[in-house]
Amino acid sequence: MPRTQPGRSDKAEVQAPMNDAPLPYAFGQRFATLDAYLAHLKQRAGPIDLPWWRQIGPDLFEQVRGRGAPAAQAERATRAELMHRFGFER
Numbered sequence: 001m002p003r004t005q006p007g008r009s010d011k012a013e014v015q016a017p018m019n020d021a022p023l024p025y026a027f028g029q030r031f032a033t034l035d036a037y038l039a040h041l042k043q044r045a046g047p048i049d050l051p052w053w054r055q056i057g058p059d060l061f062e063q064v065r066g067r068g069a070p071a072a073q074a075e076r077a078t079r080a081e082l083m084h085r086f087g088f089e090r
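1 is the number of the first residue of the sequence shown in full-length UniProt numbering; add one for each residue after it.
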């Protein structure tokens, strides 16, 4: 059985701070990173026709809206803009 050093546990000692801001379509969950939040939106919001963000370039995202939304209203944002909008800047 592997041993741990005295004063250390098997769990990671440093965790990323969680975003405490209320996020759209988070369904009560909190996220440590923008990427985790965007993955949640794609998995949970997308299938029920709620908006989510698709990466379309190295630093560019496009909002995907439900079937009833006009395509002309598709919004684009950079990673920095989304980090600011959703409170992931520190």
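Using N, Cα and C, we set each Cβ at its ideal position, and we do this for glycine too.
Nothing here was measured: the structure is a model prediction, and the numbers come from that model.
| query | result |
| --- | --- |
| Could you check what DSSP says for Arg54 in three-state terms: helix, strand or coil? | strand |
| Could you give the DSSP three-state label for Gln63: helix, strand or coil? | strand |
| Report, in whole angstroms, the separation of the C-beta atoms of Phe61 and Ala77, which I expect to be a contact under 8 Å. | 6 Å |
| May I ask you to report which of helix, strand or coil DSSP gives Ala77? | strand |
| Count the other C-beta atoms from every protein chain shown that fall within 10 angstroms of the C-beta of Phe27, then say buried if there are 16 or more, exposed otherwise. | exposed |
| Three-state secondary structure (DSSP) at Ala32? | coil |
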